[in-house]
Amino acid sequence: MKRIYLFLLLITLGSCGIIGGKKYDTIKENQYTNPAWKTLTMPNFSIQYPPEWELNQSGKANTVFILLSPLESDSDTYHENISLVLEDLKGKHVSLNQYASAAELQIKKAVSEAKLLENKNVLAGTLEYHRQIFTGVSDTLHMKFEQNYHIHDGQVYVFTMACKSNTFKKYEEIGENILNSIVFKK
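Everything in the sequence shown is counted per the numbering used here, starting at 1 for the first residue and increasing by one.
This is how it looks when you write it as structure tokens:
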């Protein structure tokens with residue numbers, strides 16, 4: 001009888017997302033569309049962005065694309081940006097929460113003075129993803145990043161918004177709108 005209760009407890013904990021990874025809160029947001037924005041259409045998804053932002057598809061740093069904000073002044077040398085990197089998961093059984101936990105460890109190793117500020121599952125319309133917001137130092141710049149992880153057709157789509165710490169608030173709304181404009185093709 002104890003084995004049956006233990007088995008039921010394990011199933012219950014596993015279905016709640018507690019076993020095999022951390023339990024994350026899910027927040028709801030709206031999917032975003034703006035008919036005045038440009039649309040980048042790729043084979044598996046589309047994403048919208050403001051017409052004044054520059055699209056770079058050079059593949060720099062293994063990116064699928066980088067969207068670059070306009071410079072704010074003649075003295076501004078950093079383009080706040082949103083980029084996409086893909087990771088193939090075919091043949092691997094990795095949940096969104098498991099991937100987010102592994103990504104958190106990688107961030108702490110790769111980014112100097114990394115500090116995780118937010119770690120949540122998000123539901124934007126029908127789009128489900130995991131969001132991590134963190135700060136750190138990159139090339140002597142104090143930065144704030146938002147990474148959104150989507151699993152679609154055996155790949156992880158890692159969308160990253162990178163801003164200087166002191167400009168993140170200014171770009172947060174437009175960045176969230178870009179990130180919430182993603183539509184995956186079935």
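For glycine and all other residues, C-beta sits at the position ideal for the given N, C-alpha and C.
Keep in mind that this is a model prediction, so the values were computed, not measured.
In the same chain as I66, and ignoring 5 residues on each side of it, the C-beta atoms closer than 6 Å to its own belong to N56, N81, S83, in chain order.
Residue pairing by DSSP leaves G91 without any beta bridge partner. Taken in chain order, the whole beta strand (DSSP E) runs of length 3 or more contained in the segment 144 to 178 are 155 to 164.
For Y99, the uninterrupted alpha helix (DSSP H) run begins and ends at 96 to 110, by DSSP. If you draw a straight line from the Cα of D74 to the Cα of G91, it is about 49 Å long. Beyond the five residues adjoining it in sequence on each side, K108 comes within less than 7 Å, by CB distance, of A114 in the same chain, given in chain order. Short of 8 Å from the beta carbon of T33, and not among the five residues preceding or following it, lie these beta carbons of its own chain, in chain order: Q48, S181.
Remark: C-beta atoms of V111 and S69 do not approach each other more closely than 8 Å.
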